[in-house]
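>
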Amino acid sequence: MSWGTELWDQFDNLEKHTQWGIDILEKYIKFVKERTEIELSYAKQLRNLSKKYQPKKNSKEEEEYKYTSCKAFISTLNEMNDYAGQHEVISENMASQIIVDLARYVQELKQERKLNFHDGRKAQQHIESCWKQLESSKRRFERDCKEADRAQQYFEKMDADINVTKADVEKARQQAQIRHQMAEDSKADYSSILQKFNHEQHEYYHTHIPNIFQKIQEMEERRIVRIGDSMKTYAEVDRQVIPIIGKCLDGIVKAAESIDQKNDSQLVIEAYKSGFEPPGDIEFEDYSQPMKRTVSDNSLSNSRGEGKPDLKFGGKSKGKLWPFIKKNKLMSLLTSPHQPPPPPPASASPSAVPNGPQSPKQQKEPLSHRFNEFMTSKPKIHCFRSLKRGLSLKLGATPEDFSNLPPEQRRKKLQQKVDELNKEIQKEMDQRDAITKMKDVYLKNPQMGDPASLDHKLAEVSQNIEKLRLETQKFEAWLAEVEGRLPARSEQMRRQSGLYDSQNPPAVNNCAQDRESPDGSYTEEQSQESEVKVLATDFDDEFDDEEPLPAIGTCKALYTFEGQNEGTISVVEGETLYVIEEDKGDGWTRIRRNEDEEGYVPTSYVEVYLDKNAKGAKTYI
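Residue numbers for the sequence shown follow this note's numbering, beginning at 11 and rising by one.
#1: Can at least three beta-carbon pairs, one atom from the segment 103-118 and one from the segment 62-71, be found at a separation below 8 Å?
#2: Report the CB separation of S196 from R150 in whole angstroms; it is logged as a contact under 8 Å.
#3: Write down the C-beta distance between W13 and Q224 rounded to the nearest angstrom, noting that I regard them as a contact closer than 8 Å.
#4: Buried or exposed: where does I219 fall if 16 or more other Cβ atoms within 10 Å of its Cβ makes it buried?
#5: Go to N455, then tell me how far its alpha helix (DSSP H) extends in each direction, as first and last residue.
#6: Taking the alpha-carbon positions, what's the N138 to N221 distance?
#7: Could you check whether H136 and Y214 sit closer than 9 Å to each other, using their CB atoms as the reference points?
#8: Need the endpoints of the beta strand (DSSP E) that A567 sits in, please.
#9: Just to confirm, are R131 and I226 a CB contact at a threshold of 9 Å?
#10: Is the segment 446-466 touching the segment 420-430 in the sense that three or more CB pairs, one from each, lie closer than 8 Å?
#11: Look at the alpha carbon of L478 and the alpha carbon of G584, and state the distance between them as a whole number of angstroms.
#12: So what's Y93 in DSSP terms, helix, strand or just coil?
#13: Would you list the one or two residues that DSSP bridges to T578?
#14: Would you check if the distance between the CB atom of Y619 and the CB atom of R602 is smaller than 9 Å?
#15: Count the other CB atoms within 10 Å of the CB of Y282; is the residue buried (16 or more) or exposed (fewer)?
#16: If the criterion is Cβ atoms closer than 9 Å, does the pair R232 and L119 meet it?
#17: For a test of the three-state rule: what should DSSP assign to E295, helix, strand or coil?
#18: Within 10 Å of its beta-carbon, does Y75 have 16 or more other beta-carbons around it, so buried, or fewer, so exposed?
#19: If we count the other Cβ atoms within 10 Å of its Cβ and call it buried at 16 or more, is F6 buried or exposed?
#20: Quick one: grab the DSSP three-state call for W18.
#21: So what does DSSP say about E632, is it helix, strand or coil?
#22: Cutting at 8 Å between CB atoms, please list the residues of its own chain near E438, excluding the five before and the five after it.
#23: Can you tell me which of E36, K81 and Y93 puts its alpha carbon nearest to the alpha carbon of D260?
#24: Which residues does DSSP pair with L587 in a beta bridge?
#25: Does the separation of the CB atoms of L609 and I562 fall below 9 Å?
#26: Going by the DSSP bridge assignment, what does V616 pair with across the sheet?
#27: Would you list the one or two residues that DSSP bridges to W488?
#28: Based on Cα-Cα distance, which residue from I254, D621 and L464 lies nearest to Y452?
#29: Under DSSP, the beta strand (DSSP E) around I601 begins and ends at which residues?
#30: Which runs of the alpha helix (DSSP H) spanning at least 4 residues fall entirely within the segment 169-214, listed in chain order?
#31: Would you kindly check if the distance between the Cβ of I100 and the Cβ of V247 is under 9 Å?
#32: Pull up the distance between the alpha-carbon of L125 and that of E89, whole angstroms please.
#33: Going by DSSP, what residue range makes up the alpha helix (DSSP H) through M229?
#34: Can you grab the Cα-Cα spacing for the pair E591 / D411, in whole Å?
#35: Taking I279 as part of the alpha helix (DSSP H), name the residues at either end of that continuous run.
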């Protein structure tokens, strides 16, 4: 089966077919190139996806990834990053092993095809030239034969005519002979050219064209084989990365199998365990007796007396009612001014103020009223300020000893701080050793440097080590103090403390605190300030979740008021503000200017317009 013998007359069709084959090869190259671009794009998207869900360094999110499920997720992200790398390998190998190789081969193929068809056209032109030469000699021979016939006929005619001279007859005879000779020469020439053409034509159809077509056939078959090999390479490039991709998937499965729900549950306990014990039973308060109400251990005022035991936060048998008090009510009690409101400016008549100097109405909330009396007494002002400082812990810096945290969390923070300080000490000691070695080298080889130049640096490092050690001792003391008072770590001390509390109730002390408080701090003094910090830390979470008070009306400032005390707000005459809490009889009204700015102003300084539809709103007459 040869194109030279079977397709000897299909030169033009073969030329079209071979061009189509090259187009197919270029189309395949374009396909592979687009595949590499897809692989690169896919790998890039996978890497971006993995990077997007990686925890940010030095952030709270990074601390949350200590759970086994989160660690497995991180492993999955890392494996996906490696998975993306394999797709990049596919793209690179396809580009180097297929695209570059085939592109070079296409150029060679085009050049070879061009040469083969050039030889074919050259052979065609040669045979066509021989054919034209043959046709020319044939026409000449035919013409000479006709001329010889005409000359012979003319001679015979002249010879038969008696009127023609002998000279004319001889001339006609000679002319006929000449024409016959020319016809013979043309015949010989035609015969020679015909033999030559037949030879050339035989060579053309049986030698030249078969050889050229055979080369074109071999070229086309090589192209077909080459594109088949490229397709095999295309598959092999994918197959080569399958084991590594399988390892990536095995890594994801292994990470999923490493998830330990029990360990995660234990980590939750370690992260959020406070160290407190559940509150005890609430004591019965007998209201049927015609006597002053006895305040229970869990009442809001936190007073001690009349033979009742102390309110001991975090104690074994003492409960807490704080979590059941609404934030808005509590904050109203804690932040309202604890002094009488100032009178209106002297230039205005009290009778002209609608909500002016009225006699305080009977307080309808005995608990709030009693708490206000409790807070406005002179010995309690210091306690209130301590409470404000305790509340500021959420807005300001964390105490150095982490006393604002529950005992267990405080212990973890202190332990972490001690470990960090020990690492810093080790780092400084390594630096000191390095400087000491360098100084020894300088002593042995003075030409390398001055040993005295290192004394200042060595002294500085030693001072840093000493400072860090003192800092470590301070934190270790706090850590030992906390560990000694945790129930799980010192059961005997907890039982002794409970026995002491039940047998020796301390005397009444305003805003006093026991030796141990819910924030884990420990002090020998009956500190007023530390107890109020307890109030703040007990309700931080409740304060964060509560919505702000809704507006129950509006008010217009009748006078300018400079709010200089804690809990008050400055207003300008004629300013319109929102009322969020009406006067409870103490002469103060709580208002809001915007979402972040609110406080109390004297009721006589504003004209209040309450919304009748607002919950709990009253109408002033």
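Heads up, the beta-carbon is just placed ideally off N, CA and C, and yes, glycines get one too.
Bear in mind the structure is a predicted one, so any value in this text is a computation, not a measurement.
Reading it off the structure:
#1: no
#2: Numbered from 1 along the sequence shown, position 186 holds the residue referred to as residue 196. Numbered from 1 along the sequence shown, position 140 holds the residue referred to as residue 150. Right, their Cβ atoms sit about 5 Å apart.
#3: Your numbering for residue 13 matches position 3 in the sequence shown. Your numbering for residue 224 matches position 214 in the sequence shown. At roughly 7 Å, the Cβ-Cβ gap stays under 8 Å, so W13 and Q224 are in contact.
#4: Locating residue 219 in the sequence shown gives position 209, where the first residue counts as 1. It counts as buried.
#5: Within the sequence shown, the letter at position 445 stands for residue 455. Note, N455: premise wrong, no alpha helix (DSSP H); not H, not E.
#6: Here residue 138 refers to the residue found at position 128 when the sequence shown is read from its first residue. Here residue 221 refers to the residue found at position 211 when the sequence shown is read from its first residue. For the record, residue 138 in the displayed sequence is Glu; it is not Asn. Each residue's alpha carbon lies about 19 Å from the other.
#7: For the purposes of this step, residue 214 is identified with residue 204 of the sequence shown, where counting begins at 1. For the purposes of this step, residue 136 is identified with residue 126 of the sequence shown, where counting begins at 1. In contact: Y214 and H136 (Cβ atoms closer than 9 Å).
#8: Counting from one through the sequence shown, the residue named residue 567 turns up at place 557. Element bounds for A567: G563 to A567.
#9: Here residue 131 corresponds to residue number 121 of the sequence shown, with the count starting at 1. Here residue 226 corresponds to residue number 216 of the sequence shown, with the count starting at 1. Contact flag unset, no.
#10: no
#11: Along the sequence shown, one-based indexing puts residue 478 at 468. Along the sequence shown, one-based indexing puts residue 584 at 574. Those two C-alpha atoms are separated by around 59 Å.
#12: Your numbering for residue 93 matches position 83 in the sequence shown. Note: Y93 maps to helix in three-state DSSP.
#13: Residue mapping note: residue 578 aligns to position 568 of the sequence shown, counting from 1. BP columns for T578 point to Y610.
#14: Against the sequence shown, residue 619 aligns to sequence position 609. Against the sequence shown, residue 602 aligns to sequence position 592. Going by C-beta atoms, Y619 is not nearer than 9 Å to R602.
#15: Translated into the one-based positions of the sequence shown, residue 282 becomes position 272. So Y282 ends up on the exposed side.
#16: Sequence index remark: in the sequence shown, residue 232 carries index 222 (1-based). Sequence index remark: in the sequence shown, residue 119 carries index 109 (1-based). Taking 9 Å as the Cβ cut-off, R232 and L119 qualify as a contacting pair.
#17: Taking the first residue of the sequence shown as position 1, residue 295 is located at position 285. If DSSP states are grouped into helix, strand and coil, E295 belongs with coil.
#18: Position 65 of the sequence shown, counted from the first residue, corresponds to residue 75. When all chains shown are included, Y75 counts as exposed.
#19: The first residue shown for the chain is 11 and the last is 631, placing residue 6 beyond what the model contains.
#20: Position 8 of the sequence shown, counted from the first residue, corresponds to residue 18. If DSSP states are grouped into helix, strand and coil, W18 belongs with coil.
#21: Absent from the structure is residue 632, since the part of the chain shown begins at 11 and ends at 631.
#22: Locating residue 438 in the sequence shown gives position 428, counting from the first residue. Same-chain partners within the cutoff: V471, N474, I475 and L478.
#23: Walking along the sequence shown from the start, residue 260 turns up at place 250. Cα-wise, what sits closest to D260 is Y93.
#24: For the purposes of this step, residue 587 is taken as residue 577 along the sequence shown, with counting starting at 1. DSSP output for L587 lists C565 as bridge partner(s).
#25: The residue you call residue 609 lines up with position 599 of the sequence shown. The residue you call residue 562 lines up with position 552 of the sequence shown. Sequence check: residue 609 is Gly here, not Leu. Their beta carbons are not under 9 Å apart, which means G609 does not touch I562 by this criterion.
#26: Indexing the sequence shown from 1 puts residue 616 at position 606. A567.
#27: Counting from one through the sequence shown, the residue named residue 488 turns up at place 478. Looking at the DSSP assignment, W488 forms no beta bridge with any residue, so it has no partner.
#28: In the sequence shown, counting from the first residue as 1, residue 452 sits at position 442. Closest option to Y452, Cα to Cα, is L464.
#29: For the purposes of this step, residue 601 is identified with residue 591 of the sequence shown, where counting begins at 1. Element bounds for I601: W598 to N604.
#30: 176-213
#31: Locating residue 247 in the sequence shown gives position 237, counting from the first residue. Locating residue 100 in the sequence shown gives position 90, counting from the first residue. Yes, Cβ-Cβ distance for V247 and I100 is below 9 Å.
#32: Residue 125 sits at position 115 when you count from the first residue of the sequence shown. Residue 89 sits at position 79 when you count from the first residue of the sequence shown. In a straight line, the C-alpha of L125 is about 53 Å away from that of E89.
#33: On the sequence shown, residue 229 is found 219 positions in, with the first residue counted as 1. Start and end: I219 to E267.
#34: As a first step, residue 591 is located in the sequence shown; it is residue number 581 there, counting from the start. As a first step, residue 411 is located in the sequence shown; it is residue number 401 there, counting from the start. When rounded, the distance between both Cα atoms is 38 Å.
#35: For the purposes of this step, residue 279 is taken as residue 269 along the sequence shown, with counting starting at 1. Unbroken alpha helix (DSSP H) run through I279: Q271 to Y282.
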